Amino acid sequence: MSARQALLLIDLQNDFCLGGALAVAEGDQTIAVANLLAAEFCAQGEPVIATLDWHPAGHGSFAFTAGNIPGTVGELRGLSQVWWLHLELDRSLISTEICKGENLQIDSYSAFSDNGQRQQTHLHAWLQQHAITSLSVMRLAMDYCVKYSVLDALALSYQVTLVSAGCRSVNLRPDAGAVIL
Numbered sequence: 035m036s037a038r039q040a041l042l043l044i045d046l047q048n049d050f051c052l053g054g055a056l057a058v059a060e061g062d063q064t065i066a067v068a069n070l071l072a073a074e075f076c077a078q079g080e081p082v083i084a085t086l087d088w089h090p091a092g093h094g095s096f097a098f099t100a101g102n103i104p105g106t107v108g109e110l111r112g113l114s115q116v117w118w119l120h121l122e123l124d125r126s127l128i129s130t131e132i133c134k135g136e137n138l139q140i141d142s143y144s145a146f147s148d149n150g151q152r153q154q155t156h157l158h159a160w161l162q163q164h165a166i167t168s169l170s171v172m173r174l175a176m177d178y179c180v181k182y183s184v185l186d187a188l189a190l191s192y193q194v195t196l197v198s199a200g201c202r203s204v205n206l207r208p209d210a211g212a213v214i215l
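Given below as structure tokens:
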């Protein structure tokens with residue numbers, strides 16, 4: 035099997051778009067970019083992977099579970115944590131979905147592992163199984179999930195292209211989007 039590329043769509047969920055629990059400004063505008071690129075990758079026979087920020091009920095990152103106030107910064111298992119609680123995406127173009135954040139006791143920004151690097155998702159194994167060596171990465175939020183996914187991908191020796199037109203930041207700090215990567 036020859037080396038291949040894949041499109042990695044980070045957290046294509048309504049929660050991160052207009053009206054969602056953690057809406058990222060202009061997040062819904064990235065859906066059109068995702069659909070366009072997904073169609074291009076599929077036309078070339080290349081896979082499209084979508085991650086889902088998928089926390090089960092009672093997950094420690096929900097402020098109410100940990101007894102904290104949403105929007106404040108606290109600690110979850112020794113790691114800093116911000117406490118916070120799309121239908122237009124063409125899902126027929128997605129080859130596989132990778133869930134992250136399933137461990138009740140720790141959050142998972144990266145598509146590859148939890149925040150403490152204690153538990154891996156199935157993404158790296160899936161990429162290896164399909165001989166993927168290069169990733170085009172986009173979506174939300176650039177200053178959290180995209181950032182940590184890109185850093186982990188680079189650490190695992192993947193070639194990474196950031197699709198900036200398909201990324202938006204939460205921007206808890208005004209300069210966050212400019213200094214991400």
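Residue numbers 35 to 215, in the numbering used here, belong to the letters of the sequence shown in order. Using N, Cα and C, we set each Cβ at its ideal position, and we do this for glycine too. Predicted, not measured: the structure shown is a model, and the values here were computed from it.
Kindly give me the distance between the Cβ atoms of residue i and residue j, rounded to whole angstroms, as I take these residues to be in contact under 8 Å.
| i | j | result |
| --- | --- | --- |
| V184 | R173 | Contact doesn't hold; Cβ gap of about 11 Å is too wide. |
| A84 | E131 | 5 Å |
| D124 | A175 | In fact, because the Cβ distance is near 21 Å, the residues do not count as touching under 8 Å. |
| L46 | D62 | Actually they do not touch by this definition, with Cβ atoms about 11 Å apart. |
| Y182 | V204 | About 13 Å separates the two Cβ atoms, so there is no contact after all. |
| G200 | A57 | About 17 Å; that fails the 8 Å criterion. |
In three-state terms, what does DSSP make of residue i?
| i | result |
| --- | --- |
| D154 | In the sequence as presented, Asp is not what sits at residue 154; that position holds Gln. In the structure shown, Q154 sits in a strand (DSSP, three-state: E or B). |
| A97 | Bear in mind that the predicted position of A97 carries a pLDDT of just 44, short of 50, making it unreliable; the figure below should be weighed with that in mind. Here A97 sits in helix by DSSP. |
| L42 | strand |
| L86 | strand |
| S198 | strand |
| E74 | helix |
| Q47 | coil |
| G61 | helix |
| S126 | helix |
| L161 | helix |
| V204 | coil |
| L52 | coil |
Since residue i sits in a beta bridge, which residues does DSSP pair it with?
| i | result |
| --- | --- |
| S147 | Q154 |
| E131 | A84 |
| I166 | R38 |
Per the contact definition of three or more C-beta pairs closer than 8 Å, is the stretch 41–58 in contact with the stretch 157–172? yes
Contact between the stretch 164–171 and the stretch 191–198 is defined here as three or more beta-carbon pairs at a separation below 8 Å; is this criterion met? yes
Go through the stretch 168–195 residue by residue and report every complete run of the alpha helix (DSSP H) that reaches 4 residues or more, in order. 181–189
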